[in-house]
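Undergrad: Our numbering numbers the first residue of the sequence shown as 29 and each following residue consecutively.
Here it is, the structure, as structure tokens.
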Amino acid sequence: MGEKSPFTLAGVMGWPVAHSRSPLIHNHWIARHGLQGAYGLFAVEPKAIEAALRGLVALGIAGCNVTIPHKVRAMELMDHVDPLAKRMGAINTIVVQRNGELHGFNNDGFGFIQSLKDAMPHWSAKTGPAVVLGAGGAARAVILSLLDQGAQEIRLFNRTPQKAQQLVEEFAGLGPYQGRVIAHPWHERHGALAGAALLVNTTNQGMHGQSALALTLDDLPTQALVFDAIYIPLETPFLESARLRGNTTVNGLGMLLNQARPAFEAWFGVNPEITPELRHMIVATL
Ligand code: NAP
29 MGEKSPFTLA
39 GVMGWPVAHS
49 RSPLIHNHWI
59 ARHGLQGAYG
69 LFAVEPKAIE
79 AALRGLVALG
89 IAGCNVTIPH
99 KVRAMELMDH
109 VDPLAKRMGA
119 INTIVVQRNG
129 ELHGFNNDGF
139 GFIQSLKDAM
149 PHWSAKTGPA
159 VVLGAGGAAR
169 AVILSLLDQG
179 AQEIRLFNRT
189 PQKAQQLVEE
199 FAGLGPYQGR
209 VIAHPWHERH
219 GALAGAALLV
229 NTTNQGMHGQ
239 SALALTLDDL
249 PTQALVFDAI
259 YIPLETPFLE
269 SARLRGNTTV
279 NGLGMLLNQA
289 RPAFEAWFGV
299 NPEITPELRH
309 MIVATL
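Below you can see the structure in the form of structure tokens.
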């Protein structure tokens, strides 16, 4: 690479990308730490992703986040992929190295686990069975990070059973995790909440513009922690019902904020904090 610029640039590549809250988060931290830099939105069509990634090096950009629909294709274009991201099968963060190599990471699992710990400092994945709804990109990050944290039993439910089964087989292939994730038919999800210590929604049901998640919580222990990856709205009908029956609930905002921290540190050299001020600023835009 050429001369190192005193002004550090980063951003997020997606299609569409205008809705992303990442610029608000990173530019807040840049200002708070008095850094010279900026974080922008890069609207990159799928056919242009390779050229856009190569452009990072040419422009001296420190790196970027990648979001839908680029998370899998971008991974294939990296010079090096972090082992955790490789196991997840997708990246969400790219760091341009001094020698111009592109290194890919995935911080979604870190964001998820950290958001649970922020809500319940003594939370442990080993407490008891987890129920996970959904088998898309967010589910991959959630399941793998729960397994890495020592979860022994994950009951997985997805509307399309083949996708859940595919995840089970992938994770079983990771040696020590064989038999820990079991897929069950979607219609059996209500009764499967009995004895659960953690309930996670990673489907898009309950998101702004979507129907509410259809789930009867009667069998869920009230001590179970309940997480929804959705953050628009901040409290989905599912989270509201869980809260009203006495469960501790966590929305997806903490996951979003926490996944941004390691990326910011890699690009700007400062480990940033999630302050109430930052949370309020983001909430005001939702
Ligand atoms: P995705 O890969 O498209 O997966 C969507 C999931 O929703 C699939 O399991 C899908 O099931 C399920 N689904 C869709 N319509 C459904 C319906 N009518 N009934 C039941 N299930 C349905 O999406 P993703 O990237 O995993 O994202 C999922 C959610 O997590 C989104 O709301 C997203 O905003 C949120 N998210 C939050 C964060 C964060 O930082 N907080 C990060 C990532 C994602 P099928 O397989 O049957 O289609």
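Virtual Cβ for every residue (Gly too), placed ideally from N, Cα, C.
Note that the coordinates shown come from a computational prediction; the quantities given were computed from them, not determined experimentally.
With respect to 6 Å, is the separation between the Cβ of isoleucine 258 and the closest non-hydrogen atom of the ligand FAD below this value?
TA: The ligand FAD is absent from the structure shown, which contains only the ligand NAP.
Undergrad: Pick helix, strand or coil for isoleucine 310, following the three-state DSSP scheme.
TA: For the purposes of this step, residue 310 is taken as the residue at position 282 of the sequence shown. Three-state DSSP puts isoleucine 310 in a helix.
Undergrad: Helix, strand or coil for proline 44, going by three-state DSSP, please let me know.
TA: Position 16 of the sequence shown, counted from the start, is the residue given in the question as residue 44. Reduced to three states, the DSSP call for proline 44 is coil.
Undergrad: Taking C-beta to C-beta, are glycine 234 and phenylalanine 266 nearer than 7 Å?
TA: Taking the first residue of the sequence shown as position 1, residue 234 is located at position 206. Taking the first residue of the sequence shown as position 1, residue 266 is located at position 238. Contact: yes.
Undergrad: Which ranges does the alpha helix (DSSP H) cover as unbroken runs of at least 4 residues, wholly within the segment 101–184, from first to last along the chain?
TA: 111–116, 136–147, 165–176
Undergrad: Quick check: valine 159 and alanine 242, are their CB atoms within less than 7 Å of each other?
TA: Position 131 of the sequence shown holds residue 159. Position 214 of the sequence shown holds residue 242. Contact: no.
Undergrad: Let me confirm a value: histidine 236 is counted as buried when at least 16 other C-beta atoms fall within 10 Å, else exposed. Which label applies?
TA: Locating residue 236 in the sequence shown gives position 208, counting from the first residue. In the assembly as shown, histidine 236 is an exposed residue. Its beta-carbon has fewer than 16 other beta-carbons within 10 Å.
Undergrad: Between which two residues does the alpha helix (DSSP H) harbouring phenylalanine 266 extend?
TA: In the sequence shown, the residue the question calls residue 266 occupies position 238. Per DSSP, phenylalanine 266 belongs to the alpha helix (DSSP H) from 265–272.
Undergrad: Say yes only if the C-beta of methionine 148 is nearer than 6 Å to one or more non-hydrogen atoms of the ligand NAP, and no if none qualify.
TA: Counted from its first residue, the sequence shown places residue 148 at position 120. No; taking the cut-off as 6 Å, the Cβ of methionine 148 has no heavy atom of the ligand NAP nearer than that.
Undergrad: Who pairs with glycine 68 in a beta bridge, going by DSSP?
TA: Against the sequence shown, residue 68 aligns to sequence position 40. Gly39, per the DSSP bridge assignment.
Undergrad: Apply the 10 Å Cβ neighbour rule to leucine 253 and answer buried if 16 or more other Cβ atoms are within range, or exposed otherwise.
TA: Here residue 253 corresponds to residue number 225 of the sequence shown, with the count starting at 1. Buried: at least 16 other Cβ atoms inside 10 Å.
Undergrad: Between the C-alpha atoms of tryptophan 43 and phenylalanine 35, what's the straight-line distance to the nearest angstrom?
TA: Here the question's residue 43 lines up with position 15 in the sequence shown. Here the question's residue 35 lines up with position 7 in the sequence shown. Each residue's Cα considered, the two are about 26 Å apart.
Undergrad: Quick check: the segment 199–211 against the segment 122–142, are at least 3 beta-carbon pairs closer than 8 Å?
TA: no
Undergrad: Taking 7 Å as the threshold (C-beta atoms), are valine 45 and alanine 76 in contact?
TA: Within the sequence shown, residue 76 is the residue found at index 48, counting from 1. Within the sequence shown, residue 45 is the residue found at index 17, counting from 1. Against a cut-off of 7 Å, the Cβ pair of valine 45 and alanine 76 comes out as no contact.
Undergrad: Roughly how many whole angstroms lie between the Cα atoms of proline 189 and asparagine 229?
TA: Numbered from its first residue, the sequence shown carries residue 189 at position 161. Numbered from its first residue, the sequence shown carries residue 229 at position 201. Near 16 Å, if we compare the C-alpha coordinates of asparagine 229 and proline 189.
Undergrad: Which value, in whole angstroms, describes the spacing of the CA atoms of methionine 29 and aspartate 110?
TA: As a working mapping, residue 29 is identified with position 1 in the sequence shown. As a working mapping, residue 110 is identified with position 82 in the sequence shown. With a pLDDT of 45 at methionine 29, under the threshold of 50, the modelled position of that residue is not reliable, and the figure given next carries that caveat. So the two alpha carbons sit approximately 22 Å from each other.
Undergrad: Could you please give the first and the last residue of the uninterrupted alpha helix (DSSP H) stretch that includes valine 85?
TA: Against the sequence shown, residue 85 aligns to sequence position 57. Where valine 85 is concerned, the enclosing alpha helix (DSSP H) stretches over 77–87.
Undergrad: Whole angstroms are fine: how far does the CA of arginine 183 sit from the CA of leucine 226?
TA: By 1-based counting over the sequence shown, the position of residue 226 is 198. By 1-based counting over the sequence shown, the position of residue 183 is 155. Taking the straight line from one Cα to the other gives about 10 Å.
Undergrad: Under the criterion of a Cβ to heavy atom distance below 6 Å, does leucine 284 qualify as lining the ligand NAP?
TA: Reading the sequence shown from its first residue, position 256 is the one you call residue 284. At a cut-off of 6 Å, the beta-carbon of leucine 284 counts as near the ligand NAP: some heavy atom of the ligand is closer than that.
Undergrad: For proline 157, collect the residues of the same chain with a Cβ closer than 7 Å to its Cβ; drop the 5 residues on either side in sequence, then sort them by chain order.
TA: Walking along the sequence shown from the start, residue 157 turns up at place 129. For proline 157, where only same-chain residues beyond five positions count, the Cβ hits under 7 Å are Glu181, Arg183, Gly223, Ala224, Ala225.
Undergrad: DSSP state of methionine 29, grouped into three classes?
TA: Position 1 of the sequence shown holds residue 29. Summary for methionine 29: the model assigns pLDDT 45, below 50, so the residue's position carries little reliability; its value from the coordinates is reported in the next sentence. Of the three classes helix, strand and coil, the one that applies to methionine 29 here is coil, per DSSP.
Undergrad: What separation, rounded to the nearest whole angstrom, lies between the Cα atoms of valine 123 and isoleucine 171?
TA: Locating residue 123 in the sequence shown gives position 95, where the first residue counts as 1. Locating residue 171 in the sequence shown gives position 143, where the first residue counts as 1. Straight-line Cα distance between these residues: approximately 25 Å.
Undergrad: Contact check, leucine 248 vs asparagine 275 under 8 Å by CB: the rounded distance?
TA: As a first step, residue 248 must be located in the sequence shown, where it is residue number 220. As a first step, residue 275 must be located in the sequence shown, where it is residue number 247. Yes, leucine 248 and asparagine 275 are in contact; Cβ-Cβ is about 7 Å, under 8 Å.
Undergrad: When you compare each of Leu63, Arg49, Gly39 to methionine 309 by their alpha carbons, which one comes out closest?
TA: Taking the first residue of the sequence shown as position 1, residue 309 is located at position 281. Of the candidates Leu63, Arg49, Gly39, the one whose C-alpha sits nearest the C-alpha of methionine 309 is Arg49.
Undergrad: Taking 6 Å as the limit between beta carbons, can you name the residues of its chain near glycine 91, skipping five residues before and five after?
TA: By one-based count along the sequence shown, residue 91 stands at place 63. For glycine 91, where only same-chain residues beyond five positions count, the Cβ hits under 6 Å are Ala38, Ile122, Val123, Val124, Trp295.
Undergrad: Determine the DSSP secondary structure at valine 196, reduced to helix, strand or coil.
TA: Numbered from 1 along the sequence shown, position 168 holds the residue referred to as residue 196. Correct three-state label for valine 196: helix.
Undergrad: Relative to the ligand NAP, is the shortest distance from any of its heavy atoms to the C-beta of glycine 165 smaller than 6 Å?
TA: Residue mapping note: residue 165 aligns to position 137 of the sequence shown, counting from 1. Glycine 165: yes, Cβ under 6 Å from the ligand NAP.
Undergrad: May I ask whether a heavy atom of the ligand NAP can be found less than 6 Å away from the beta carbon of arginine 187?
TA: Walking along the sequence shown from the start, residue 187 turns up at place 159. Relative to the ligand NAP, arginine 187 has its C-beta within less than 6 Å of a heavy atom.
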